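*Asks:* I have a structure here, written as structure tokens, and I will follow up with some questions on it.
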Amino acid sequence: MAEFRDSIDIAVCPETVFEYLTTNSGMTAWMGQYAELDPRPGGGFAVDVAGYPVRGEYLHVDYPTRVVVSWGFAGNTDLPIGASTVEFRLTAVAGGTRVDLIHSDLPDTELRGHAHGWAHFLPRLATAGSGGDAGPDAWQPL
Numbered sequence: 005m006a007e008f009r010d011s012i013d014i015a016v017c018p019e020t021v022f023e024y025l026t027t028n029s030g031m032t033a034w035m036g037q038y039a040e041l042d043p044r045p046g047g048g049f050a051v052d053v054a055g056y057p058v059r060g061e062y063l064h065v066d067y068p069t070r071v072v073v074s075w076g077f078a079g080n081t082d083l084p085i086g087a088s089t090v091e092f093r094l095t096a097v098a099g100g101t102r103v104d105l106i107h108s109d110l111p112d113t114e115l116r117g118h119a120h121g122w123a124h125f126l127p128r129l130a131t132a133g134s135g136g137d138a139g140p141d142a143w144q145p146l
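Just so we're aligned, residue 5 is where the sequence shown starts under our numbering, counting upward by one.
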């Protein structure tokens with residue numbers, strides 16, 4: 005199994021960034037065309053990204069510092085629903101929030117594609133989270 009890590013800084017407080025990880029409108033502002041989120045431990049996490057149904061559940065929701073979800077794709081045998089884990093750690097820093105992303109339990113065959121996806125989506129989170137418009141999302145997987 006593989007793990008992907010990255011981080012970004014966003015010029016807003018953790019409470020604001022947290023909303024982009026736990027609300028339908030916040031999530032679709034930077035990732036996906038559809039979201040149905042129930043941000044409580046055991047609550048559903050459903051986001052459609054470029055036509056791919058990401059499904060899982062919220063594992064930890066610690067306002068405003070940490071969100072952990074299980075992550076996988078409906079109908080996918082390589083990375084089925086909830087097979088991997090995505091953790092967002094939000095830390096207040098001078099000028100805003102440091103977002104540390106850890107995507108773990110990825111099959112080795114999925115690492116390259118998810119690294120490509122997160123390289124696209126984390127800057128979109130920074131744009132949307134700081135009040136900008138991330139614009140239409142034309143991202144496609146490798």
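Don't be surprised by glycine CBs; every beta carbon is placed ideally from N, CA and C.
All of these numbers come straight from a predicted model, not from anything done at the bench.
Within this structure, are the beta carbons of P18 and A96 separated by less than 7 Å?
*Replies:* Cβ distance < 7 Å, so P18 and A96 count as in contact.
*Asks:* Out of A87, E7, N28 and D109, which has the shortest C-alpha to C-alpha gap to G181?
*Replies:* No information on residue 181 is available, as it lies outside the stretch 5 to 146 that the chain covers here.
*Asks:* Less than 7 Å between the C-beta atoms of L126 and H118, yes or no?
*Replies:* No. Outside cutoff.
*Asks:* Considering just the uninterrupted stretch of the alpha helix (DSSP H) at P84, what are its terminal residues?
*Replies:* That residue, P84, is in no alpha helix (DSSP H); it is neither H nor E in DSSP.
*Asks:* In the DSSP assignment, what residue or residues form a beta bridge with T101?
*Replies:* Answer is I14 and A96, bridged to T101.
*Asks:* Would you list the residues sitting across from E40 in a DSSP beta bridge?
*Replies:* Its beta-bridge partners are A50.
*Asks:* Could you please give the first and the last residue of the uninterrupted alpha helix (DSSP H) stretch that includes G139?
*Replies:* That residue, G139, is in no alpha helix (DSSP H); it is neither H nor E in DSSP.
*Asks:* Rounded to whole angstroms, what is the Cα-Cα separation between D112 and H124?
*Replies:* Spanning the two alpha carbons is a distance of roughly 20 Å.
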